[in-house]
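Numbering (our numbering) for the sequence shown: 3 to 311. Cβ coordinates follow ideal geometry from the N, Cα and C atoms, glycine included. Structure first, commentary second.
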Amino acid sequence: MANENIVLREYKKGDEYGIVELFREVFGTHMDIKAWKWKYIESGIGPFISVAEQKGKIVGHYGLVPRRVNFKGTEHISAVVADVIVHPGVRHIFSKRGLFYRLVKFSIDRFTPLEESRRVLLGYGFPQERAKKIGVKLGLYEEVEDALDMSILPSRKPTLYYARPCNLDRIKIEKLWQIMKDELRDKIVNFRDYQTLKWRYSQPNAKFSFLCIFKLYKLVSMVIVREDTYEKKVYDYVGSLDYLDKSLMVVASLYNRVKTRLPPWVSERLKTLRVERIEKVTLVTNAVTGPCAGELSGHFFYTYGDEDV
C-alpha cells in the first residue's frame, strides 16, 4: 500500500465502519461500533476526529475524547488523545514526512490552532512509552510530569469514615462537584458534574460501582471504582480534596487494595495512606500550540476517569 493519494480530513458520519475495520487490521481485535460511538460521539461535545483516507479506505485515525474543563477559573474544552492509528502499509517512517506526523499535525491545526477558531483548549494524554518518545522527538508532544500510579493498601486504623453503595444521584453529585470546582477554581480540572459522569460511566463493556463516603452522617465525597479489572481501580473522585486520603483509605479497606492514578502535586495529601508505586506513566500535552507543560504541571487534577479506557 503506497503512501500516496492520501487525503486528510475531519470525520464524517459513516466513517466509523472504516475506522473499526482499521482497528481490526492493525491490532487484530474487534472494536465495537457502540464503544467507539460512546467514546467519541455520545458525550455531546465534538466530535474531534481526523482520518486519513486513501481511495475510499480509512488508513489513519486520530481521536480526541472531549470534556468540559475548568481551566484556572474559565470553562473551556479539554480532550484526551485516545486512538492514534496509521495502517502499517502507509506508515513507513516516523518523521515529519510520515503519515503519523502529518495526521497529528493536521488534527492540532484543525482543532487546537492559536487563532480564535480554536475548539479545544487543552489536549493531553498518557501514551505508551514508545508512542511518547516518537511524539516528543517529532515535536508534537511535551512531557508534563510523571503521574502517581499506585496501589493503595488497606488500613486497620479506626476511622470515623465509611462507604455506602449509591447511585449517580444528581443532587448529591452536583453538590459535591460544586465544592470541588470552587476549591480548584485556580487549577485545571475536568468537569465532574452529573451529566458528565452519567456519560463517562455508561462506558460499554465496563462495570463501575459508586460509593458515597461519609464522615459520621455527613456526605463528604463520591468515589467511582471499576470492578471488572484484575485489581479494582479508583476511576474517579468527586468532592473536596480535604477528604481524598480518608476516602481512598476507606475504599482500599473495602476492596482489600485498589489501584489509582493521581497527579504528583496531591502527594502531600496522601501521607496517611499505605501505598505501593506501580509503573511510570507520563502525562503529555500538545507541544505545538500549548498550553505548555509549565502551565499544567502542579495544576491539573486527573484520575483514570480522565482517560478513555
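Would a C-beta distance cut-off of 7 Å place Ser255 and Ser157 closer than the cut-off?
Position 253 of the sequence shown, counting from 1, holds the residue named residue 255. Position 155 of the sequence shown, counting from 1, holds the residue named residue 157. In contact: Ser255 and Ser157 (Cβ atoms closer than 7 Å).
Hey, Ala54 and Ile21: beta-carbon distance below 7 Å or not?
Position 52 of the sequence shown, counting from 1, holds the residue named residue 54. Position 19 of the sequence shown, counting from 1, holds the residue named residue 21. No. Outside cutoff.
From which residue to which residue does the alpha helix (DSSP H) around Val138 run?
As a first step, residue 138 must be located in the sequence shown, where it is residue number 136. Unbroken alpha helix (DSSP H) run through Val138: 131 to 139.
Please tell me whether Pro293 and Glu147 are closer than 7 Å, where the distance is taken between their beta carbons.
As a first step, residue 293 must be located in the sequence shown, where it is residue number 291. As a first step, residue 147 must be located in the sequence shown, where it is residue number 145. No, Cβ-Cβ distance for Pro293 and Glu147 is not below 7 Å.
Find the nearest neighbour of Val86 within the set Arg70, Leu298, Gly75, Tyr103, judged by alpha-carbon distance.
Within the sequence shown, the letter at position 84 stands for residue 86. Closest in alpha carbon position to Val86, among Arg70, Leu298, Gly75, Tyr103, is Tyr103.
Taking the runs of the beta strand (DSSP E) that are 3 residues or longer, which of them lie wholly in the region 57 to 96?
59 to 73, 76 to 88
Cα separation between Lys234 and Tyr143?
As a working note, residue 234 is residue 232 in the sequence shown. As a working note, residue 143 is residue 141 in the sequence shown. Roughly 30 Å separates the two Cα atoms.
Which of helix, strand or coil does DSSP assign to Tyr143?
As a position in the sequence shown, residue 143 is number 141, starting the count at 1. The answer is strand: DSSP assigns Tyr143 an E or B state.
Here's the rule I'm using: 16 or more other beta-carbon atoms within 10 Å means buried, otherwise exposed. How should Ser269 be labelled?
By 1-based counting over the sequence shown, the position of residue 269 is 267. Counting Cβ neighbours within 10 Å, Ser269 comes out exposed, since fewer than 16 surround it.
Hey, how far is the Cα of Pro90 from the Cα of Ala149?
Here residue 90 is taken as the residue at index 88 of the sequence shown, counted from 1. Here residue 149 is taken as the residue at index 147 of the sequence shown, counted from 1. Approximately 31 Å between the Cα atoms of the pair.
Helix, strand or coil, according to DSSP, for Tyr304 in the structure here?
Locating residue 304 in the sequence shown gives position 302, counting from the first residue. In the structure shown, Tyr304 sits in coil (DSSP, three-state: anything other than H, G, I, E or B).
Identify every run of the alpha helix (DSSP H) within the region 3 to 60, keeping only runs that are complete inside it and at least 4 residues long; order them along the chain.
Those alpha helix (DSSP H) runs which fall completely within the region 3 to 60 and span 4+ residues are 17 to 29, 35 to 42.
With a cut-off of 8 Å on the beta carbons, I'd call Glu297 and Leu243 a contact; round off their distance for me.
Working through the sequence shown from its first residue, we reach residue 297 at position 295. Working through the sequence shown from its first residue, we reach residue 243 at position 241. Contact doesn't hold; Cβ gap of about 20 Å is too wide.
Report the CB separation of Asp41 from Asp310 in whole angstroms; it is logged as a contact under 8 Å.
Position 39 of the sequence shown, counted from the first residue, corresponds to residue 41. Position 308 of the sequence shown, counted from the first residue, corresponds to residue 310. First, the residue type needs correcting, since residue 41 is Lys and not Asp in the sequence shown. Rounded, the Cβ-Cβ distance is 6 Å, consistent with contact.
Only counting the same chain, and skipping five residues up and downstream in sequence, which positions put a Cβ closer than 6 Å to that of Val191?
Counting from one through the sequence shown, the residue named residue 191 turns up at place 189. These residues qualify, in order along the chain: Asn72, Phe303.
Are at least three pairs of beta-carbons, each pair with one atom in the region 173 to 189 and one in the region 204 to 224, less than 8 Å apart?
yes
From the DSSP output, in three-state form, read off Asp171 for me.
What you label residue 171 is simply residue 169 of the sequence shown in a count that begins at 1. DSSP places Asp171 in the coil class of the three-state scheme, outside both helix and strand.
Can you tell me which of the three DSSP states Gly125 falls into?
The residue you call residue 125 lines up with position 123 of the sequence shown. Gly125 falls in the strand class under three-state DSSP.
Taking Ser45 as the reference, give the member of Tyr203, Gly241, Ala133 with the closest Cα.
As a first step, residue 45 is located in the sequence shown; it is residue number 43 there, counting from the start. When only C-alpha atoms are compared, the closest one is Tyr203.
Take Ser299 as the anchor and find which of Val290, Val286, Thr305 has the nearest alpha-carbon.
Locating residue 299 in the sequence shown gives position 297, where the first residue counts as 1. If we check each option's Cα against that of Ser299, Val286 comes out closest.
When DSSP labels each residue in this structure, what does Ile280 get in the three-state scheme?
Here residue 280 refers to the residue found at position 278 of the sequence shown. DSSP places Ile280 in coil when its eight states are reduced to three.
For Tyr245, collect the residues of the same chain with a Cβ closer than 6 Å to its Cβ; drop the 5 residues on either side in sequence, then sort them by chain order.
Counting from one through the sequence shown, the residue named residue 245 turns up at place 243. Val222, Ser223, listed in sequence order.
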